[in-house]
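Mature numbering (1 follows the signal peptide of the UniProt record, and there is no 0) puts the sequence shown at residues -26 to -1, 1 to 249.
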Amino acid sequence: MALHTLFITVLLTSLVLPFLVTRSNSLETNGSASQTAESDLLEFALNLDFLEAEFFLVGAEGRGLDAYAPELANGGPPPIGGRRANLDPDIKNVTFQFGLIAIGHIRSPIGLSVRATTSRRLTRPHARFLLRKLAGTWGSRATLMASICDAIVAGILGVEAGEDAVFRALLFERRNILVSPYAVTVAEFTNRISDLRNRLGREGIKDEGVVVPPSEGAEGKVSGNVLSADKYSLSYPRSIEEILRIIYGGNASVPGAFFPRGANGRLAQSYSLAT
């Protein structure tokens, strides 16, 4: 059965936000190691929940938080360039589900707590549809897990892991399909997206497409790569600075790309102030 180009596109773009896992309790901030405050990590992660909510909602229905949860938008600037994708009914339904799930994360006690304790408005993301998932939601959340072992964070982690697995499995199933008009297979497209994120992060190979050389697959024995992981099949770690490089387009101190006005919170702003 022929697949619409935009159906393939939404799956490909959904590959890019997967998990930029940071497991360390201590992060590098402005070049010096420091114990990052839990509230700062939570605030940083909340920026990424907004990005995720906007992408999935707009991709599925053409409308974002302003339509589905305007009280959470808090008057922030609307996303730029987002539009509804031409999805088949099943993928549209899954995408909309994920958008509503992101709203739930923002409404969670963690999200409410962070929003109640900050006097600044969270910056809404630049929601371009192509190559969207360069965001780093998982990275900051996994750091939170190591830092506070909070049951709510653990619940968020589990759901996010499920989302990543769903999209990567769909991509793997379609790995040999050519993406029009580029004459590039889905598998190669995922590799190029992963290469881009690795270049932006500038900390080596921490992301992989859905097909890799067998020597780089699980236990060095398989080319299928439904879940991206290191040689021990553990999620790759990323620092806050790496995540900022990716969501800003290469420089952690210069807002751009998915957050043209910059991410909100002390962590993100500390890098901007360092320039």
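Heads up, the beta-carbon is just placed ideally off N, CA and C, and yes, glycines get one too.
- Taking E182 as the centre and dropping the five residues before and after it, the same chain places the C-beta of S168, N199, S202 closer than 6 Å to its C-beta, in chain order.
- In the same chain as K195, and ignoring 5 residues on each side of it, the C-beta atoms closer than 7 Å to its own belong to P188, in chain order.
- Scanning its chain for C-beta atoms nearer than 6 Å, with the 5 sequence neighbours on each side dropped, one finds around I77 the residues A27, A43, in chain order.
- Across the set G136, E134, A161, the C-alpha of A161 shows the shortest separation from the C-alpha of E147.
- Secondary structure note for S168: its alpha helix (DSSP H) is the uninterrupted segment 160 to 175.
- With respect to the 8 Å criterion, P229 and S213 are not classified as neighbours on the basis of their beta carbons.
- Across the structure, A226 and P155 are spaced so that their CA atoms are roughly 33 Å apart.
- In the displayed model, G230 falls within a strand according to three-state DSSP.
- The Cβ neighbour count for L145, taken over all protein chains shown within 10 Å, is at least 16; the residue is labelled buried.
- Bounds of the alpha helix (DSSP H) holding R219 are 214 to 222.
- In the three-state scheme derived from DSSP, where H, G and I count as helix and E and B as strand, L152 is classed as strand.
- In summary, L25 is buried, with 16 or more beta-carbon neighbours lying within 10 Å of its beta-carbon over all protein chains present.
- If you check the CB distance, I80 and L22 do not come in under 8 Å.
- Ranked by Cα distance from E190, the first of N172, Y206, G49 is Y206.
- For G78, the enclosing alpha helix (DSSP H) stretches over residues 63 to 81.
- Inclusion of R149 and V186 in the CB contact set at 8 Å is not warranted, their separation being larger than that value.
- C-alpha of L208 to C-alpha of T69: approximately 26 Å in a straight line.
- For E45, the enclosing alpha helix (DSSP H) begins and ends at 44 to 47.
- Per the C-alpha coordinates, the member of L31, V153, D62 positioned closest to P52 is L31.
- Between G239 and F18 the beta-carbon gap is near 5 Å, inside 8 Å, which marks them as a contact.
- Look at P188 here: in three-state DSSP terms it is helix.
- I221 is a Cβ neighbour of A237, given a cutoff of 8 Å.
- DSSP, read as helix, strand or coil, puts G33 in helix.
- Rounded to whole angstroms, the gap between the alpha carbons of G175 and N67 is 32 Å.
- In the structure shown, G194 falls within a helical segment according to DSSP collapsed to helix, strand and coil.
- Excluding residues up to 5 positions away in sequence, nothing lies with its Cβ nearer than 6 Å to the Cβ of G136 in the same chain.
- Comparing alpha-carbon positions, the option among E177, L241, S197 lying closest to Y210 turns out to be E177.
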